[in-house]
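Student: Here you go, one structure.
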Amino acid sequence: VALWLLPTLSITNAAIFGGIIGTIGQAGDLAESLLKRDAEVKDSSNILAGHGGILDRFDSILMVSPVIYWYINMIHLLGFNWIL
Numbered sequence: 083v084a085l086w087l088l089p090t091l092s093i094t095n096a097a098i099f100g101g102i103i104g105t106i107g108q109a110g111d112l113a114e115s116l117l118k119r120d121a122e123v124k125d126s127s128n129i130l131a132g133h134g135g136i137l138d139r140f141d142s143i144l145m146v147s148p149v150i151y152w153y154i155n156m157i158h159l160l161g162f163n164w165i166l
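In my numbering, the protein residues as written are 83 to 166.
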């Protein structure tokens with residue numbers, strides 16, 4: 083999929099990208115859990131009761147999406163493909 087979406091993404095950029103996305107995704111999950119603990123609730127909604135609620139399904143995506151957008155734009159705008 084990445085080869086189709088970003089054919090000029092080097093292996094080094096892909097490894098850096100994966101590390102950043104994994105770290106930010108985990109941070110998003112931890113931030114959402116912190117919000118739930120501060121509010122003293124187990125589930126963020128009743129839609130997916132027992133699974134932490136609907137926000138648990140999207141917390142990482144909400145935090146990672148702007149980072150993905152920024153990283154891809156920086157690679158193309160600054161021309162880092164040939165450097166890495």
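Backbone N, C-alpha and C define an ideal beta-carbon position, used for all residues, glycine too.
Note that the coordinates shown come from a computational prediction; the quantities given were computed from them, not determined experimentally.
#1: Taking all protein chains shown into account, do 16 or more other C-beta atoms lie within 10 angstroms of the C-beta of G100, making it buried, or fewer, making it exposed?
#2: With DSSP collapsed to three states, give me the class of E122.
#3: Any idea if S142 is buried or exposed, counting beta-carbon neighbours within 10 angstroms, 16 or more meaning buried?
#4: State the CB to CB distance for the pair I106 and V149, rounded to an integer number of angstroms; the pair is presumed to be in contact (CB under 8 Å).
#5: For the alpha helix (DSSP H) containing S142, name the first residue and the last one.
#6: Which residues in the same chain have their Cβ closer than 8 Å to the Cβ of L112, if we skip the five residues on either side of it in sequence?
#7: Using beta-carbon positions only, say whether G104 and M145 come within less than 7 Å of one another.
#8: Under a Cβ-count criterion, where at least 16 other Cβ atoms within 10 Å of its own Cβ denotes burial, should L166 be classed as buried or exposed?
Tutor: Per the coordinate set shown:
#1: Taking the first residue of the sequence shown as 1, we reach residue 100 at position 18. Flag for G100 reads exposed.
#2: On the sequence shown, position 40 is the one that residue 122 refers to. Here E122 sits in coil by DSSP.
#3: Locating residue 142 in the sequence shown gives position 60, where the first residue counts as 1. Looking at its Cβ environment, which holds 16 or more other Cβ atoms inside 10 Å, S142 is buried.
#4: Start at 1 with the first residue of the sequence shown, and residue 106 comes out as number 24. Start at 1 with the first residue of the sequence shown, and residue 149 comes out as number 67. Indeed, because the Cβ distance is near 5 Å, the residues count as touching under 8 Å.
#5: Indexing the sequence shown from 1 puts residue 142 at position 60. Here the alpha helix (DSSP H) through S142 covers L137 to L160.
#6: Within the sequence shown, the letter at position 30 stands for residue 112. Taken in chain order, the list of residues that qualify is empty.
#7: What you label residue 104 is simply residue 22 of the sequence shown in a count that begins at 1. What you label residue 145 is simply residue 63 of the sequence shown in a count that begins at 1. Result no, Cβ atoms of G104 and M145 do not sit closer than 7 Å.
#8: In the sequence shown, residue 166 corresponds to position 84, counting from 1. Low confidence applies to L166: its pLDDT is 44, below 50, so where it sits in the model is not reliable, and the reading given next is rough at best. When all chains shown are included, L166 counts as exposed.
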